[in-house]
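Protein chains: 2
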Amino acid sequence: MALIVQKFGGTSVGTVDKIKAIAEKVQKFRSAGHQIVVVVSAMSGETNRLVALADEMQARPDAAEYDTIVSTGEQVTMALLSMALKERGCDARSFTGWQLGMHTDHSHAKARIKRIDETPIRTALDAGQVAVVAGFQGITDDNRISTLGRGGSDTTAVAIAAALKADECQIYTDVDGVYTTDPRVVDSARRMETITFEEMLELASLGSKVLQIRSVEFAGKYKVPLRVLHAFEDGPGTLITVEDHNQMESPVISGIAFNRDEAKVTLLGVPDVPGVAAAILAPVGDANIEVDMVVQNVGENNTTDFTFTVHKNDYERAMELLESVRVSLNARELRGDNAICKVSVVGVGMRSHAGVASTMFKTLASESINIQMISTSEIKISVVIEEKYLELATRALHSAFDLAAV
Amino acid sequence: MALIVQKFGGTSVGTVDKIKAIAEKVQKFRSAGHQIVVVVSAMSGETNRLVALADEMQARPDAAEYDTIVSTGEQVTMALLSMALKERGCDARSFTGWQLGMHTDHSHAKARIKRIDETPIRTALDAGQVAVVAGFQGITDDNRISTLGRGGSDTTAVAIAAALKADECQIYTDVDGVYTTDPRVVDSARRMETITFEEMLELASLGSKVLQIRSVEFAGKYKVPLRVLHAFEDGPGTLITVEDHNQMESPVISGIAFNRDEAKVTLLGVPDVPGVAAAILAPVGDANIEVDMVVQNVGENNTTDFTFTVHKNDYERAMELLESVRVSLNARELRGDNAICKVSVVGVGMRSHAGVASTMFKTLASESINIQMISTSEIKISVVIEEKYLELATRALHSAFDLAAV
C-alpha cells in the first residue's frame, strides 16, 4: 500500500465524460489498496473564460479579486470529480486551497507556498476517502484566496506529495512519458524509463513542455519521485528521480531538446571596456525582455563582439533598443537574425565523460551545419544554428549519441 | 451617515455592463457618506449551468460537493463587482461565506444561518471599503461550503443587516416596489410607500414574487427595515416595516394577490368520523405534494365533503392518489377542477375593521362570480373562483377597496 498523489490537467478533465474516465482510473488505484490524493486543474477553457471576465472589469485587475475569480475553475472540477467517484461507490472529499490549509505568501497570481497543513488531507485518507484537491490555489494569512500562477497545479501536487511524504507523485498529461527527443521530429525517439531531476530541468527549459519547471525543481528539492504518464492510456510513463549512483553505466546523453522560438541579436565592434555587457543588457532587462544565451568574443583593436538571444516575439523591440545602444556605445554594427534555432544535448553522464562536445560538433560539421553560438552548462551543451537545419541536426545527434537504443 | 446593506439579484448582475452600472449606483451611496455592504447573486444563468454540470455527474448529487460547485457563481460576481468599484476609484473588498464568517448548520443546499462574525465586514467598512459579499452561501463547522437554497441571497442580505444593525436593507429587483396588485392586470395598481412585514408575507406567499418569503420573516423577526427598489431606475421603492401605530388611519386593505397555479380536489360523501382528514391528506403528504387551502363542510347522513387545493403540476398525481383513498374510505365521489384560481385581499387594517369579508363577497356577487372555497387568516381573506374570472375579480376588488387612491 502506497500513498500516491495524482495530478490531472485541464484537458484531462475538460468534459463531464473525461472526468468520469478519470474517476474510473483513480478508483482502480484506490481498489488496489493505495491511499490517493488527486489534484485537478480547471476544465480546459474555463480559466480563460474567467480571466476574460476579470479583464473586462478593470484595466489592471486587482490581484486578490482576480485570484478569487480564477480559483473557482478548480473548485468546480474538484467537486465534480468527487461526485463522479462517489457515484462509482468510491468515497471522496474535495478540498479547496483554504480547506486543506495551503498557506501561501501575498504574491497574488504567482504566490509561493509557505506551508501545508497535513491534518485535513490525512484525516480524509485515514477515513478511507480519496482526497480531491483544487490545484493552483492557496490562502494568504489575511484569509484571501491566492493562486500559484499558470501551471501551478503541478506545483500543488508536488508540494502535497512532499508534505505527506508520498511514495510517488504522478503527473497525468497528453503524452505517455518523456522522450529522448520530439517524436514528431525523430521517428526513433524513445520514451525514457527514468530521467534525473536535473536533466528534466534542462529538457523542460529547452522546450520539452511536459512538466512545469517549478514543480520539477520542487520535486528535486524535496526528493519526491515524480512520474509523467498518459491520462487515458496505460503505461509506466517516465520516472523522474534523483541520480541513481548504483546504476553501473548511465547513458552519457539522455535527450536532445530544441527551441525554434529564439532570435539572435549581435553588436559588432563594441569598445572592450568594463561595464559594456551591463550597458548592453540593462535596457533590454528594463524593457522586460528575457535574454537566454549570451556570448561575448574577443574582437580586434580593443573591441569585442556581443551576441545574445531573445524570444522571437521580442525580436523587433530588442533590435530597436539595441540600435540606440549601438549609437551611445559607438559600436560598429548591429546585426539580427530571427531565422535561428537552438539545439541542446542534455545528460548527467556528461559530467564524467569527455568528448561529448566534440562528438556534437563533429556530427553537425559532417552535415555541413554551421554553429553560430555555443553555450554550455555542467549537463548540457547548446548550439545556435540556422533554423532550417533543426530537424536534420536533431536527427543526426539522436543517432550519433545512440539514443534509440534501450 | 447610515449603514446600508444592498442586495442585487442575478438579472441585475447578469452582464459585465450591468455589473458596471451597479458599481456606479453603489459608488453614489458611498460618496454620499454611507457605509455600504453589497450582497450579490450569481450572474443570471450561471447557477443553472453549474447545477447542470453537477447533475450530469451523479444521479443524486452529494449535497456538500453540490454546494461547493454552485457557490462559485456568487464568488465570481462579488470579485467582479469589487473590481468594477475599484476601477471607479471606490475601494472595495470581496467576501465569500467562509471569509466573512457566515456560519450555518449542515443542511447543505438549504442551510440555516447560525451566526455571523461581525469583525471581517466591520474591519473593511471601518477602512472605508465597500464590503462586497457573496450571497446564498456559508460555511459549516467542519469547514465545508454550504448554501442557503435558491433565493438565499435575500436572506444573506437581511441576516447581515441584522447582525450589523444596519439602518436599512435594500433589495434591488426588476420592479420599482410592491404594488397594490399586479399592474399587468389592473391599470390603476399603485406602488405602496410602505407595507408591514405581515402583509408582505401574505402577499409574497400568494404570488407577488418580489421577495423571498424567508428573508421577509427574517427581517420581521429582527426588525430590519427592508426596502424593495428597482435596480436600474431611481425611485423610493416600497419600505417593508413593522406596523406603524402612529399612523392615524392605516388602509384597511393593502393589496390584492392572486394565484393561477392551483387546482382543486374534492371528495364528496366521506364518512364523518374522527381521523378522516388525516386519512385523506396523509398519502398526499407522503407523495411530497404540498396542500394549500383545506376546507371541510358538514354534509348529510353523517358524511362530510372535503376539498383542498394543490399546485396544478401535482393535480394529476393527486387525483390518482385520491381515487384509491376514495375506495378505501368508501366515499361517494371524487371531483377535480384545474381551471380555478385563488384571489386574496390582504391588510393589517382588517384586524380592527369589520365588514371586509362582506364587501369582498358582495363585490364578487355583483359581478356574478361564484365563490367555490373561502379561507381566512387574521389579515387575509382568500377565495377560490373560476380561473376565467381572475382579472375581473381582481379589478373589481381593487376598485371596491379604493386601492388606486393614495
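Residue numbers (full-length UniProt numbering), protein chains in the order written: chain X, 1 to 406; chain U, 1 to 406.
For each residue, glycine too, the CB sits at the ideal point set by N, CA and C.
Going by other Cβ atoms of all chains shown within 10 Å of its Cβ, with 16 needed for buried, is residue i buried or exposed?
i              : result
residue 430(X) : It is not possible to answer for residue 430(X), since the shown part of chain X is limited to 1 through 406.
residue 221(X) : exposed
residue 273(X) : exposed
residue 15(U)  : exposed
residue 378(U) : exposed
residue 12(X)  : buried
residue 292(X) : buried
residue 355(X) : exposed
residue 17(U)  : exposed
residue 344(X) : buried
residue 298(X) : exposed
residue 144(U) : buried
residue 187(U) : exposed
residue 259(U) : buried
residue 114(U) : exposed
residue 305(U) : buried
residue 178(X) : buried
residue 82(U)  : buried
residue 278(U) : exposed
Please state whether DSSP places residue i in a helix, a strand or coil.
i              : result
residue 308(U) : strand
residue 315(U) : helix
residue 289(U) : coil
residue 124(X) : helix
residue 104(U) : strand
residue 376(X) : strand
residue 342(U) : strand
residue 387(X) : helix
residue 251(U) : coil
residue 323(X) : helix
residue 260(U) : coil
residue 129(X) : coil
residue 110(X) : coil
residue 96(U)  : coil
residue 349(X) : helix
residue 368(X) : coil
residue 332(U) : coil
residue 356(U) : helix
residue 273(X) : coil
residue 281(U) : helix
residue 268(U) : strand
Does the Cβ-Cβ distance between residue i and residue j come in under 8 Å?
i              : j              : result
residue 190(X) : residue 403(X) : yes
residue 71(X)  : residue 137(X) : yes
residue 332(X) : residue 268(X) : yes
residue 29(U)  : residue 253(U) : no
residue 155(X) : residue 148(X) : yes
residue 78(U)  : residue 133(U) : yes
residue 255(U) : residue 363(U) : no
residue 8(X)   : residue 41(X)  : yes
residue 317(U) : residue 289(U) : yes
residue 174(X) : residue 231(X) : yes
residue 375(U) : residue 295(U) : yes
residue 86(X)  : residue 58(U)  : yes
residue 251(X) : residue 349(X) : yes
residue 407(X) : residue 6(X)   : Because chain X in this structure spans residues 1 to 406, residue 407(X) falls outside the shown range and cannot be described.
residue 369(U) : residue 262(U) : no
residue 196(U) : residue 242(U) : yes
residue 408(X) : residue 66(X)  : This structure cannot settle anything about residue 408(X), because the visible part of chain X is limited to 1 through 406.
residue 203(X) : residue 217(X) : no
residue 140(X) : residue 106(X) : yes
For residue i, go through chain C and note every residue whose CB falls closer than 8 Å to its CB, in chain order.
i             : result
residue 84(X) : You won't find chain C in this structure, because its protein chains are X and U.
Return the chain-ordered ranges of every beta strand (DSSP E) run that is complete within the stretch 131 to 170 of chain U and spans a minimum of 3 residues. Counting only runs of 3 or more, we get 137 to 139 and 145 to 147.
What runs of the alpha helix (DSSP H), each 4 residues or longer, lie entirely inside the stretch 170 to 246 of chain X? 197 to 205 and 213 to 221
Report yes or no: do three or more beta-carbon pairs, one from the stretch 166 to 179 of chain X and one from the stretch 217 to 232 of chain X, lie closer than 8 Å? yes
Could I get the ranges of all uninterrupted beta strand (DSSP E) runs contained in the stretch 3 to 40 of chain U, with 3 residues as the minimum, in chain order? 3 to 8 and 35 to 40
What are the complete alpha helix (DSSP H) segments, minimum 4 residues, inside the stretch 33 to 92 of chain X? 46 to 57, 63 to 70 and 72 to 87
With contact counted as at least three CB pairs below 8 Å, one residue from each stretch, are the stretch 117 to 125 of chain X and the stretch 92 to 101 of chain X in contact? yes
Pair every Cβ in the stretch 20 to 29 of chain X with every Cβ in the stretch 44 to 57 of chain X, then say whether three or more of these pairs are closer than 8 Å. no
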